[in-house]
Every structure is written in C-alpha cells, then in structure tokens.
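Residues 1 to 115 (the UniProt record's numbering) are what the sequence shown spells out, left to right.
For each residue, glycine too, the CB sits at the ideal point set by N, CA and C.
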Amino acid sequence: NNDGSYTLLSNLYANARRWKDVARIRSLMRHKGINKRPGCSWVEGVKGTATFFAGDKTHPRTVEIYQVLSDHMQRIKDIGYVPETGFALHDVDDEEKGDLLFEHSEKIALAYGIL
C-alpha cells in the first residue's frame with residue numbers, strides 16, 4: 001500500500017493528459033484506503049523549524065507570508081517570468097494552474113524565510 005507508486009502512475013497519466021486514467025487511479029486509491037502524502041517544505045530559523053504544505057494557511061503569520069509571496073511573484077512577473085503551467089498536473093485552465101503553482105510549499109517556505 002505504497003502511495004508513491006500510485007501517485008507516480010497518476011502523475012504520468014496526468015502529464016499525458018489521460019484524465020480518465022488519473023481518475024481511475026485516484027478512485028482505486030480511495031477504494032484501497034491509500035492516501036497521498038502531501039509534499040512539504042520547511043525553514044529552520046532561530047525560533048525553530050516551520051513546516052509548510054502546498055496551499056498551507058495554518059501558520060500564525062499566513063497573511064504576511066502570502067503578502068511577501070504575492071509581492072515577490074509580481075516583481076518577477078514584471079521582469080518576464082511566466083509560470084510553467086505544464087508542471088501543474090490538474091485538469092484545469094492555465095490561470096488556475098498558475099494559482100496552484102503559486103501555492104507550492106517551497107514558495108510559501110521561502111516567503112516565510114524572507115520575513
């Protein structure tokens with residue numbers, strides 16, 4: 001019952017835009033009681049280690065973190081950055097894929113580290 005194998009297969013199907021196969025694998029996981037472990041990122045500081053998950057809004061400084069993240073993302077977009085939405089393996093439009101990439105745990109952790 002290794003979630004990694006199922007997740008890898010699901011991601012391969014998603015990368016190939018085989019959304020019905022993605023749904024089939026996810027359904028199989030639910031049926032077998034297998035949950036995908038969320039990826040996380042962390043920052044070590046003088047006050048300890050802060051851990052973040054994708055889309056995480058549980059930190060006491062969430063508002064500040066997301067403001068820093070938003071400010072920095074806007075600055076890099078102003079100099080030409082365009083999100084590589086091909087890495088967002090979801091059957092949604094490019095704008096929503098960009099939003100999903102915006103909330104990756106690595107970016108949230110980095111924004112917290114900048115505070």
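For residue i and residue j, I'd like the C-alpha separation in whole angstroms.
{"i": "VAL68", "j": "PHE52", "result": "15 Å"}
{"i": "TRP19", "j": "MET73", "result": "30 Å"}
{"i": "ASN15", "j": "ALA50", "result": "31 Å"}
{"i": "GLY33", "j": "SER10", "result": "16 Å"}
{"i": "SER70", "j": "ASP21", "result": "34 Å"}
{"i": "THR77", "j": "SER105", "result": "Before going on, a small fix: residue 77 reads as Lys here, not Thr. Between LYS77 and SER105, the C-alpha separation is close to 19 Å."}
{"i": "GLY4", "j": "LYS36", "result": "7 Å"}
{"i": "ARG75", "j": "GLY45", "result": "25 Å"}
{"i": "ARG113", "j": "THR7", "result": "Just to set this straight, residue 113 is Gly in the shown sequence, not Arg. About 29 Å."}
By the DSSP assignment, the alpha helix (DSSP H) with residue i in it spans what residues?
{"i": "GLU64", "result": "62-78"}
{"i": "VAL82", "result": "Here VAL82 belongs to no alpha helix (DSSP H), and DSSP marks it neither H nor E."}
{"i": "ALA16", "result": "It is not in any alpha helix (DSSP H) - ALA16 carries neither H nor E in the DSSP assignment."}
{"i": "LEU115", "result": "Premise fails: LEU115 is in no alpha helix (DSSP H) and is neither H nor E."}
Which two residues bound the contiguous beta strand (DSSP E) that contains residue i?
{"i": "GLY48", "result": "48-53"}
When you compare the CB positions of residue i and residue j, do they come within less than 9 Å of one another, or not?
{"i": "ALA111", "j": "TYR66", "result": "yes"}
{"i": "GLY39", "j": "ALA54", "result": "yes"}
{"i": "ARG61", "j": "LEU115", "result": "yes"}
Run through DSSP, which three-state label would residue i get?
{"i": "VAL43", "result": "strand"}
{"i": "ASP21", "result": "helix"}
{"i": "GLY33", "result": "coil"}
{"i": "ASP56", "result": "coil"}
Can you find a C-beta in chain D that's less than 9 Å from the C-beta of residue i?
{"i": "SER5", "result": "The structure shown contains no chain D, having only a single protein chain."}
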